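Participant: Our numbering applies: residue 147 is where the sequence shown begins, and numbers increase by one. Ideal Cβ placement from N, Cα and C applies to all residues, glycine included. All of these numbers come straight from a predicted model, not from anything done at the bench.
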Amino acid sequence: MAEINVTPLVDVMLVLLIIFMVTAPLLVAGVPVDLPESRAAPLDSQVQPVQVSLDGEGRIFIDETPVAEAALPQRLSAIAAEPAPAEGRRIYLRADRALDYGRVMRVMGELNRAGLNRVALVSTSEGAP
């Protein structure tokens, strides 16, 4: 047989393209945080969520902007006042695994007080570095 069948090659390349298209937006994170591991599946979303991050030193960031703890309620109230998408505003909470549980719960309490109730805790996949 002198011909090479390229159909399986095209199928594999399309699958790889889809995998890269799905994972590329998840790889963008501005604040380095040592996330805990989880077996939960990633969430699908078309709207870019707001990311609240707590780094290893306990500093708070909204997206990539540092925020003082005293100014956090006002910033979260401003986010809650913005027009929300149809499926609701989703907040991703990223916290370093070395942080005190109470510190993370205080931030979650401020999110709840501001009316931002759709909070997703971000973790890395089990076994990932």
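What is the DSSP secondary structure of residue 222, reduced to helix, strand or coil?
Facilitator: Mapped onto the sequence shown, residue 222 falls at position 76. Look at residue 222 here: in three-state DSSP terms it is helix.
Participant: Does DSSP put residue 256 in a helix, a strand or coil?
Facilitator: Sequence index remark: in the sequence shown, residue 256 carries index 110 (1-based). If DSSP states are grouped into helix, strand and coil, residue 256 belongs with the helices.
Participant: Could you pull the start and end residues of the beta strand (DSSP E) that residue 212 belongs to?
Facilitator: Within the sequence shown, residue 212 is the residue found at index 66, counting from 1. 211–213 is the extent of the beta strand (DSSP E) around residue 212.
Participant: Residue 322 to residue 186, Cα distance in whole Å?
Facilitator: An answer regarding residue 322 cannot be provided, because it is not within the stretch 147 to 275 covered by the chain.
Participant: In terms of residue numbering, what span does the beta strand (DSSP E) encompassing residue 285 cover?
Facilitator: In the structure displayed, the chain extends from 147 to 275; residue 285 sits before or after that span and is not available.
Participant: Report the rounded CA-to-CA distance for residue 195 versus residue 157, giving the unit in angstroms.
Facilitator: As a position in the sequence shown, residue 195 is number 49, starting the count at 1. As a position in the sequence shown, residue 157 is number 11, starting the count at 1. Taking the straight line from one Cα to the other gives about 32 Å.
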